[in-house]
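Colleague:
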């Protein structure tokens, strides 16, 4: 499997799953646009876009940092132009940026509901709206939306997150139909239990991490999806744990 020559945009790649995907893409030969808001250390979670680029380059890959708030349409529009200016094309879009607020619906502040909707749904919408036209001009491409099992299983204090991931799945299925004529694959990937910096932050120190995987395993499945098109594999919501069993063969 090789992504040699492809240009991949990965949102939310300053840390966690996005960073794991970006690193694997770099190892597979892609030129990676590392996209997130975090440019410096000092926040609640470690990591920033420049550190991710350095890790990609340290393993022989190619990466470039692009600061962007995916909820801001002007910034997303500028991102599309900047990536094309730097790399000449866009072949893969991974909509990974996301937030989760673990509060019961009646206690949830309206601003936190709105934030979840903006990042988890408006963000992918804007990225598709402004980056996908570049793919249609090229006549091929692949979009990977990072979803969650929460789209189908309600979790305590997680209604807002579940709503956004269910919506993202429907966006995936609908967009796959719309873009089929342009030979662009659109799929959603459920990572399963991944031990990210954010996951560690919200869990107790004695939490049992048995069965949880590092972020890089999501990159391996994403790399397979990245080289698909509308003729080979599209319109699917897939579980990363099933990669190589019921899909990815």
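Residue numbers (our numbering): 114 to 362.
Backbone N, C-alpha and C define an ideal beta-carbon position, used for all residues, glycine too.
Using a Cβ-Cβ cut-off of 6 Å (strictly less than) and excluding sequence neighbours within five positions of residue 322, which residues of its own chain qualify?
Modeller: The residue labelled residue 322 in the question sits at position 209 within the chain shown. Excluding sequence neighbours, residue 322 sits near 308.
Colleague: Look at the Cβ atom of residue 128, then the Cβ atom of residue 310, and state whether they are nearer than 8 Å.
Modeller: As a working mapping, residue 128 is identified with position 15 in the chain shown. As a working mapping, residue 310 is identified with position 197 in the chain shown. In this structure, residue 310 lies closer than 8 Å to residue 128 by Cβ.
Colleague: Helix, strand or coil for residue 356? Go by DSSP, reduced to three states.
Modeller: The residue given as residue 356 occupies position 243 in the chain shown. The answer is strand: DSSP assigns residue 356 an E or B state.
Colleague: According to DSSP, is residue 116 helix, strand or coil?
Modeller: Mapped onto the chain shown, residue 116 falls at position 3. Of the three classes helix, strand and coil, the one that applies to residue 116 here is coil, per DSSP.
Colleague: Answer yes or no: do residue 281 and residue 338 have a C-beta to C-beta separation smaller than 8 Å?
Modeller: The count along the chain shown starts at 1 and reaches residue 281 at position 168. The count along the chain shown starts at 1 and reaches residue 338 at position 225. The answer is no: Cβ separation not under 8 Å.
Colleague: Might you give, ordered along the chain, the residues of its own chain that have their beta carbon closer than 8 Å to the beta carbon of residue 335, omitting 5 neighbours on each side?
Modeller: Locating residue 335 in the chain shown gives position 222, counting from the first residue. Around residue 335: 134, 137, 138, 207, 257, 302.
Colleague: Out of 285, 204, 143, 277, state which residue places its alpha-carbon closest to the alpha-carbon of residue 227.
Modeller: Here residue 227 corresponds to residue number 114 of the chain shown, with the count starting at 1. Checking every option, the nearest Cα to that of residue 227 belongs to 277.
Colleague: Which parts of the stretch 197-238 are runs of the alpha helix (DSSP H), unbroken and 4 residues or longer, counting only runs that do not cross its ends?
Modeller: You should have 223-230.
Colleague: Three or more beta-carbon pairs under 8 Å between the stretch 199-213 and the stretch 115-132, yes or no?
Modeller: Yes: at least three Cβ pairs fall under 8 Å.
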